[in-house]
Amino acid sequence: MIQNTINEIRLGLNDITQHVDTWFDKPEALRQYRPPNNGWTIDEILEHISLTSHFLLKLIDKGAEKALRNAGQCNLDQELAHYVFERDQLDEIGLYKSFNWMRPEHMEPTGTADMPAVRRLVQMQRDRCLDWLGKMPNGEGILYKTTMSVNDLGKIDVYQYIYFLAQHAKRHLAQMERNEQAYFNR
Numbered sequence: 001m002i003q004n005t006i007n008e009i010r011l012g013l014n015d016i017t018q019h020v021d022t023w024f025d026k027p028e029a030l031r032q033y034r035p036p037n038n039g040w041t042i043d044e045i046l047e048h049i050s051l052t053s054h055f056l057l058k059l060i061d062k063g064a065e066k067a068l069r070n071a072g073q074c075n076l077d078q079e080l081a082h083y084v085f086e087r088d089q090l091d092e093i094g095l096y097k098s099f100n101w102m103r104p105e106h107m108e109p110t111g112t113a114d115m116p117a118v119r120r121l122v123q124m125q126r127d128r129c130l131d132w133l134g135k136m137p138n139g140e141g142i143l144y145k146t147t148m149s150v151n152d153l154g155k156i157d158v159y160q161y162i163y164f165l166a167q168h169a170k171r172h173l174a175q176m177e178r179n180e181q182a183y184f185n186r
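First residue of the sequence shown? That's 1 in my numbering, and the numbers climb one at a time after it.
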């Protein structure tokens, strides 16, 4: 039932965003710590999450608008009768280092972002996703698909894009936890 899927996406998005938000309250020395592998600091990871979500939301916004337009031109119940929310490959997005991917340059953190602004942005991005879920409560989000090249996902619908956005943040939660362990074990 699509309402169960939408509710699962909503709950997961809220839970992951709340976990991400806790990292903004960590001590600055921890957030600025660069791990021995010369990886990103926690602040850079948080900036990257907001950058990636920014670009995903551009696709979500366009897709949701088109899906809602498509809802007036088809039999939604008939479309939903064959719908399956494919989550296996999407769940891999949430696992740190589960696949290789070179992120585009525009999603690379600068390391100079204003962290209170990044925090507000991450919260606003969650709210935009929740707003779209509220505007597509009956399954309308399945009515438009766009190609996602990450992890060879292929064409995914608007609900899957929102789930992807949350899974991307989840992936980086594990990375921040590794940074924190390295910081305290040095």
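For glycine and all other residues, C-beta sits at the position ideal for the given N, C-alpha and C.
* List the DSSP bridge partners of Asp157. => Lys145
* Asked: Cβ atoms of Thr147 and Lys135: under 8 angstroms apart, would you say?
  -> no
* Determine the contact status of Val20 and Leu173, defining contact as a CB-CB distance below 8 angstroms. => yes
* Would you call Gly141 buried or exposed, if buried means 16 or more other Cβ atoms sit within 10 Å of its Cβ? -> buried
* Proximity winner among Leu51, Asn7, Gly12 and Asn179, relative to Arg120 (alpha-carbon distances) -> Leu51
* Asked: Out of Asp91, Asp77 and Trp23, which has the shortest C-alpha to C-alpha gap to Thr151?
  -> Strictly speaking, residue 151 in this sequence is Asn, with Thr absent from that position. When each option's Cα is compared against that of Asn151, the closest is Asp91.
* Taking Glu44 as the reference, give the member of Leu56, Leu30 and Met1 with the closest Cα. => Leu30
* Asked: To which residues of the same chain is Phe164 closer than 8 angstroms at the C-beta, ignoring the five residues directly before and after it?
  -> Leu56, Leu90, Ile93, Met148, Val150, Leu153 and Ile156
* In angstroms, rounded to a whole number, what distance separates the CA positions of Cys74 and Tyr144? -> 12 angstroms
* Can you say whether His48 is buried or exposed, counting buried as having 16 or more other CB atoms within 10 angstroms of its CB? => buried
* With C-beta atoms as the reference, is Tyr159 less than 8 angstroms away from Thr17? -> no
* **Contact under 8 angstroms by Cβ, Ile42 with Cys129** => no
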